[in-house]
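Numbering (full-length UniProt numbering), first residue to last: 1 to 84.
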């Protein structure tokens, strides 16, 4: 690992250690960014907005999925019949 914090984060996979705890509900996480994302459940913050329609999301990955509604992208295809 290039950085000691990356090693420490990886080691949690093996130890099960969850040092990042939500102050509101007590749920614990292995990574600080997962805690930050979880905290939006309590705050209602939705910082990722669609430039096309304005709908906002708690996670950037949810926005990326939503944007397919505007682009028509269907990236997953059935190998058996080809339907996407």
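Glycine included, C-beta positions come from ideal geometry on N, C-alpha and C. Note that the structure is predicted; figures quoted are calculated from it, not measured.
Per-residue DSSP class, three states only, for residue 34: helix
Residues of its chain near residue 77, where Cβ-Cβ distance is below 8 Å and the 5 sequence neighbours each way are ignored: 83 and 84
Residue interval of the alpha helix (DSSP H) (run including residue 63): 60-71
Residue span of the alpha helix (DSSP H) that contains residue 15, given as start and end: 4-15
DSSP-derived helix/strand/coil call for residue 21: strand
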